[in-house]
Structure formats: C-alpha cells, structure tokens
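Asks:
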Amino acid sequence: MGTPDNAAADTQEHTGIAAQNWVQASADPHYRAAVIDLLGALAYGELSAFERLAEDAKLAPTMDDKAELAKMASAEFHHFERLRERLSQIEAEPNEAMEPFAAALDEFHRQTAPSDWLEGLVKAYVGDSIASDFYREVAARLDADTRDLVLTVLDDTGHASFAVEKVRAAIEAEPRVGGRLALWARRLMGEALSQAQRVVADRDALSTMLVGGVADGFDLAEVGRMFSRITEAHTKRMAALGLAA
0 MGTPDNAAAD
10 TQEHTGIAAQ
20 NWVQASADPH
30 YRAAVIDLLG
40 ALAYGELSAF
50 ERLAEDAKLA
60 PTMDDKAELA
70 KMASAEFHHF
80 ERLRERLSQI
90 EAEPNEAMEP
100 FAAALDEFHR
110 QTAPSDWLEG
120 LVKAYVGDSI
130 ASDFYREVAA
140 RLDADTRDLV
150 LTVLDDTGHA
160 SFAVEKVRAA
170 IEAEPRVGGR
180 LALWARRLMG
190 EALSQAQRVV
200 ADRDALSTML
210 VGGVADGFDL
220 AEVGRMFSRI
230 TEAHTKRMAA
240 LGLAA
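Anchor point for the sequence shown: position 234 equals 233 in numbering that gives the first Met the number 0, and the numbering is continuous, going up by one each time.
#1: With a CB to CB cut of under 6 Å and the five nearest residues on each side skipped, what residues in its chain are close to Gly241?
#2: Compute the beta-carbon to beta-carbon distance between Ala181 and Ala101, rounded to the nearest angstrom, for a pair I have assumed lies under 8 Å.
#3: Looking at Asp127 and His158, is the spacing between their C-beta atoms short of 8 Å?
#4: Is Thr207 helix, strand or coil when you go by DSSP?
#5: Can you round the beta-carbon distance between Arg202 and Leu148 to whole angstroms, since I take them to be within the 8 Å contact cut?
#6: With C-beta atoms as the reference, is Leu37 less than 8 Å away from Leu205?
#7: Using alpha carbons as the reference points, say which of Met208, Asp154 and Asp142 lies closest to Ala17.
#8: Taking the runs of the alpha helix (DSSP H) that are 4 residues or longer, which of them lie wholly in the segment 82-139?
#9: Can you tell which of Val163, Ala96, Pro174 and Gln196 has its C-alpha closest to the C-alpha of Phe107?
#10: When the Cα atoms are used, what is the spatial distance from Ser160 to Gly223?
#11: Quick one: what's got a C-beta closer than 8 Å to Gly44's C-beta in the same chain, skipping five residues either side?
#12: Using a Cβ-Cβ cut-off of 7 Å (strictly less than) and excluding sequence neighbours within five positions of Phe79, which residues of its own chain qualify?
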C-alpha cells in the first residue's frame, strides 16, 4: 500500500487496549467485532490493489514497467493472504468479513478508473497512501498483535518511489501533463476521504472504536484532527510528485 508518512502507530506510547495482546483485548466482544471489520476492510483493499496493479500492468509502456507492477501486485496478494489467514485464526470467516466493504471499494474504483498509465500511477500512489495513513492512525489504538499485522501489511511495496519517478519524468518531458494530473489527484483525494468516512459511518464497531467507545484516545475532535493529518500528508505527497495539491 502507501508510504508510512504517519509514524504515530510506530512511535507513540501505548496504553489501554493498545498495551494488551489479542487474547486480552478480544475478551471484549465489541472490540473483537471492530477488529474483524478492520481486517475485512483491509483484506478486500489488498485484494483490490492486487487486481488493479495487474490491470495497470497492461497499460505499462515497457517490459520493465510491466514486470515492476507485476512484482508489486504479487506483494499485495501476499498481504491479502496474511490478512485472510489471520481472520481464520481468530475464527472469523474471511469472505463474510470482507463482504460489507466490497460494494464501497468497488464503487470507488469504478468512479476513479484511470484513463491512462500516468493516471493509474497517480491513483495507486495517492489512493493507497491515503488508505495507509487512515489504517495507521487506527492501528495506534489496536492491541499489539493486531497492530503488528496491520503495520506489516501496510509496508510499501515499492509503488511510491516507482510512481514518483515515472510521474516526475513525464511532467519534465511534457509540463502540461502536470495540470491534468493535479486535477485528477484532487478528485482522488475527495473520493478517497468520502469513502473512508462512509465505511466508518456504516460500521458501528469501527465508528465506536474511532470515537472512543472501544479503544482509548479517540474522540470526535480527534477524528477531525486525524483527517487533517491525512490531508496534510497528501499535500506533501503531491509536492513529491511535482504537482500542486
């Protein structure tokens, strides 16, 4: 998925549920339901990323580019397998855990289908990074075992640096491309944030986790600050691409 711009999940001192392991934390049925939702959403996201990268490889202009995207797609599928295995380990049916999130993710990808290779690169870089930031924020409040798994599957597959290199080179070769891609990235940002908010609002266990009913440290004001941090990280990524946010 995206780059680990938000290091909060890695560095903060953990308290409450975040200081517990899975066996301790999962004694709370509401927390267990929230984690199953989270892992289900992540798993379907990784499966979708695998499918998208495989499709994007068809648009790649060179054999090397095709091979690079195929390698990234393989990494995303490995992440999906890790999440599916974990869901089975905690006695959740993986397909049932993923199903509530399929329609929203499929609709997001339908509405943001790239028209060419460069738009596909920007979509993966921007969209995946926003999702990664969101899940890292949530991971900081998870039990230690679940947090470690989530952070592992959010490891960058190499797509970030690949996308930055290719997009910057394209803009340098043809500067007017930058304006089109900047508009595209702004659209992606809006759609991705709307999707994240819809997913949270639709799932009681996840929304309760975020506003402090299950895990420590979140309240409604903090949710607002969380989305502000995600937006700020997006602005920095756009600068890395050579685009205006």
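Built from N, CA and C at the ideal position, the CB exists for glycine as well.
Replies: Taking the coordinates as given:
#1: Arg167 and Ile170
#2: At roughly 30 Å, the Cβ-Cβ gap does not stay under 8 Å, so Ala181 and Ala101 are not in contact.
#3: yes
#4: helix
#5: Actually they do not touch by this definition, with Cβ atoms about 19 Å apart.
#6: yes
#7: Asp142
#8: 93-110 and 116-138
#9: Gln196
#10: 29 Å
#11: Met0, Phe100, Leu104 and Ala130
#12: Ala42, Glu45, Leu46 and Phe49
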